[in-house]
Amino acid sequence: MTRWLAWFVLAPQAFLLCGLLASLGLPRIDCAAAMCVYLALFADVRALPGLLLGAAVGRALVDEAAIPVQILVIGVPVAVLLPTRPLFYRHHLWWQGIAALACAIAVPKLAGLCGEWFGQPSASSQLSWPTVFFTALLGPLLFWPLSKLPPLRSFAEKLT
Amino acid sequence: MSTRSAFPVGLYATLLLALCWLLLPEMLRPVERGLLGLACLPQRAWSVLTGSPAVAGEHETVQRARLHALELSLRERSTAHDIESARDLMPSSLLPIACSVLAAERRGGGGMPCELLLDRSYRDLAGCVDLVTRGDELLGFLARPGIGAAVDDEVDDPARVLLLNHPEGRTVAASMPLPEGERLRCVIAPAAAVDPAPIRTTLHDDPYRASTLGHSGIEVRTEALDAAWIGAMPAGLLIGRTRIWGYETGSETLTIGLYVEPAVDFRALPQVVVWQSVPGSVPPRLLPERVQATASPLPDHGGGRWLVQAAQTLPDGAAVVQDGVCLGTLRSVAFGQGLCTPFSASRASWSLWLLPDALGAAPFGVYGEVIYASGPSAWFRPRLEFDPLPAAGGSAFAFTGSNGVDCPPGLLIGRADPDLARRLWRITVPALFGLQRVEALTTNLSKEARR
């Protein structure tokens with residue numbers, strides 16, 4: 000219960016933190032793309048619905064579209080990447096970087112498509128190549144320390 | 000692990016739920032409000048700790064006086080334009096009443112909105128004939144509460160206008176000039192939602208000539224019938240221009256249908272005119288309630304969203320106004336909070352009302368969306384089929400148009416300069432930083448009236 004409480008408190012604030020750091024002059028990371036990579040490669044599959052909802056609430060804080068659109072924007076890349084999880088078994092940084100790059104491109108594109116289909120356009124559908132670059136570069140480096148901390152540690156899939 | 004990864008039932012169920020959520024948004028709207036409201040609480044606590052909004056000074060008082068003068072100018076010039084050109088066509092016994100359009104709703108002919116919601120109630124307009132005009136253009140007819148499309152409306156609800164493309168709208172006798180000097184008479188009726196134009200013509204008095212019209216763009220005007228009762232249609236009101244729809248066969252078009260493109264974009268109508276047949280005082284406008292609130296910027300870097308906090312629940316789509324200037328509209332969340340997306344950060348469609356600097360030019364409406372923003376400047380792309388750019392020319396002040404019942408027309412947004420090369424409007428909005436004292440506008444309407 001505590002881990003879920005921590006997730007629903009901290010995950011939305013992570014989106015605002017990324018924006019705050021970017022406004023202070025640090026490289027901008029697409030928080031939704033980073034979360035996609037974590038959910039697809041590291042998180043316990045049984046916990047995915049709840050984790051996805053928390054991430055969607057966070058993205059809805061900083062984006063014009065509603066929560067269900069955010070669920071699709073984050074959830075579809077996760078659903079595509081999830082079957083490839085065995086390939087990432089050793090969690091090489093290279094693979095994580097490539098996955099982050101793919102997600103950083105897919106998330107704005109999906110936001111644009113969903114916005115068009117469901118009548119909820121948003122400014123986040125504009126692709127920013129610097130953001131894609133820094134997400135691919137810094138995302139995997141951030142996963143390592145973050146995955147050792149709660150609440151991500153408690154949601155990580157236990158390898159047998 | 001691999002089996003669960005290959006077929007994650009929970010994830011797929013969540014995606015399916017999201018699709019259902021999008022199909023029935025109102026059902027799960029309380030859940031969304033609650034989740035977002037909880038997520039906003041840490042920011043709310045932070046904004047309380049970081050200070051209080053500045054109090055309006057002398058500068059703001061002067062600005063409000065200038066703003067009031069601008070709004071007055073917008074109303075006066077629009078009313079003069081919207082009424083004067085119809086005076087010669089309408090019976091002299093009718094008195095005009097200019098009404099603001101709160102919202103353009105429901106998909107009708109040509110996929111365009113087919114109902115307008117006015118800022119006066121049915122009771123206020125009880126002594127009016129059902130004709131609704133703007134300039135010399137006929138737009139539609141006033142609905143009657145409890146009848147037809149307004150069957151659920153009460154007399155104190157905002158009056159509804161059924162536009163000419165409304166499926167339950169009236170047919171109108173019309174005519175168009177032919178090159179030989181004669182007139183082709185017909186009846187105009189609403190087109191289907193999938194048709195290429197909102198209005199179609201039917202029952203032509205000379206079907207052969209109708210099918211061999213060489214070109215589109217001929218003016219279609221109303222035709223008076225013999226009947227002379229009080230609600231009779233005056234002759235000469237503009238309905239629109241013809242549009243021939245058919246197969247291209249080299250230099251000619253094999254006509255399948257003869258449609259009419261309305262003279263105005265129904266989505267960009269900030270004001271219309273109704274005509275009072277029983278003389279009486281002009282009823283007051285339905286004014287929105289102004290709820291005091293504070294707005295704190297959310298550190299989202301990209302758009303500059305605001306967290307708005309008030310002592311009461313705010314409705315979705317309410318305009319957020321700071322010192323008389325509209326910041327944007329908000330999405331209501333729980334605990335008296337709302338998330339305001341500023342005009343420049345919004346990619347949703349907006350209806351704007353532009354007041355040109357040239358004193359002789361009439362104010363006009365545009366409908367479109369911001370496609371790009373940089374700092375306080377937003378590039379607004381109007382829908383080109385109704386592009387008024389060539390006629391307008393110079394700069395203008397941009398006000399809100401018909402964007403919903405809680406975002407009334409006539410709120411200043413910013414300064415608009417035409418970018419003629421790219422056929423865009425560059426709209427400069429005020430840049431705001433830190434905690435702000437704002438007002439959220441809310442119209443006191445029942446749920447049924449808002450439907």
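Chains as they are written, first to last, in numbering that gives the first Met the number 0: chain L, 0 to 159; chain S, 0 to 450. Beta carbons: idealized from backbone N, C-alpha and C, even for Gly.
Asked                                                                                                                              : Found
CA-to-CA distance, L:Ala39 to S:Thr13, given in whole angstroms                                                                    : 15 Å
N- and C-terminal bounds of the alpha helix (DSSP H) containing S:Thr13                                                            : 8 to 22
Any chain S beta carbon closer than 8 Å to L:Phe117                                                                                : yes
Reduced DSSP category for S:Leu183 - H, G, I as helix; E, B as strand; rest coil                                                   : strand
Among S:Pro407, S:Leu353, S:Ile370, the one whose alpha carbon lies nearest that of S:Leu73                                        : S:Leu353
Exposure of L:Pro48, with buried meaning 16 or more beta-carbon neighbours within 10 Å                                             : buried
Minimum Cβ-Cβ distance from L:Gly74 to chain S less than 8 Å                                                                       : yes
Other residues of its chain near S:Val263: CB distance less than 8 Å, five sequence neighbours each side excluded                  : Arg133, Glu136, Leu138, Gly364, Phe385
Cut-off 8 Å between Cβ atoms - residues of its own chain near S:Ser46, not counting five sequence neighbours on either side        : Thr293, Ser295, Leu306, Gln308, Leu434
Closer than 8 Å to chain L by CB, S:Arg422                                                                                         : no
Other residues of its chain near S:Gly413: CB distance less than 6 Å, five sequence neighbours each side excluded                  : Ala397, Ile426, Thr427, Val428
Partner residues on chain L for S:Arg346, Cβ-Cβ distance less than 8 Å                                                             : Glu63, Gly114, Pro120, Ser121, Ala122, Ser124
Contact set between L:Ala59 and chain S, taken where Cβ atoms lie within less than 9 Å                                             : Glu31, Leu34, Leu35, Ala38, Arg330, Leu338
Span of the alpha helix (DSSP H) around S:Gln311                                                                                   : Neither: S:Gln311 is in no alpha helix (DSSP H) and is coded neither H nor E.
Coarse secondary structure for S:Glu251, derived from DSSP in three states                                                         : strand
Best match in S:His165, S:Ser120, S:Asn443 for proximity to S:Phe140 [C-alpha to C-alpha]                                          : S:His165
Between the CA atoms of S:Leu130 and S:Met175 - distance to the nearest angstrom                                                   : 21 Å
Span of the alpha helix (DSSP H) around S:Glu31                                                                                    : 28 to 48
Identity of the residue in L:Val77, L:Leu60, L:Lys147, L:Ala55 nearest L:Pro67 by Cα                                               : L:Ala55
L:Val77 vs L:Leu52 beta-carbon contact at 8 Å                                                                                      : no
C-alpha gap between S:Thr200 and S:Met232, whole angstroms                                                                         : 17 Å
Span of the alpha helix (DSSP H) around L:Ala13                                                                                    : 1 to 22
Buried/exposed call for S:Asn402, threshold 16 Cβ in 10 Å                                                                          : buried
Other residues of its chain near L:Leu161: CB distance less than 8 Å, five sequence neighbours each side excluded                  : Because chain L here runs from 0 to 159, residue 161 of chain L falls outside it and cannot be looked at.
Straight-line gap, S:Arg289 to S:Leu440 (C-alpha atoms, nearest Å)                                                                 : 5 Å
S:Met175, DSSP secondary structure in three states                                                                                 : strand
Chain-ordered residues of the segment 401 to 431 of chain S with a beta carbon less than 7 Å from chain L                          : none
Residue from S:Thr442, S:Ser280, S:Gly239 whose Cα sits closest to the Cα of S:Ile187                                              : S:Gly239
Separation of S:Pro355 from S:Leu10, as counted between CA atoms                                                                   : 53 Å
Identity of the residue in S:Arg284, S:Gly400, S:Ser345, S:Pro375 nearest S:Ser120 by Cα                                           : S:Arg284
Distance between beta carbons of S:Thr221 and S:Ala234, contact taken as under 8 Å                                                 : 6 Å
Meets three-Cβ-pair contact criterion under 8 Å: the segment 409 to 424 of chain S and the segment 321 to 335 of chain S           : yes
Best match in L:Gly74, L:Ala122, L:Leu15 for proximity to S:Ala344 [C-alpha to C-alpha]                                            : L:Ala122
Residue-chain proximity (S:Arg266, chain L), Cβ-Cβ < 8 Å                                                                           : no
Cutoff 8 Å: S:Tyr366 Cβ touching any chain L Cβ                                                                                    : no
Touching by the beta-carbon criterion (3+ pairs, under 8 Å), the segment 58 to 66 of chain L and the segment 103 to 120 of chain L : yes
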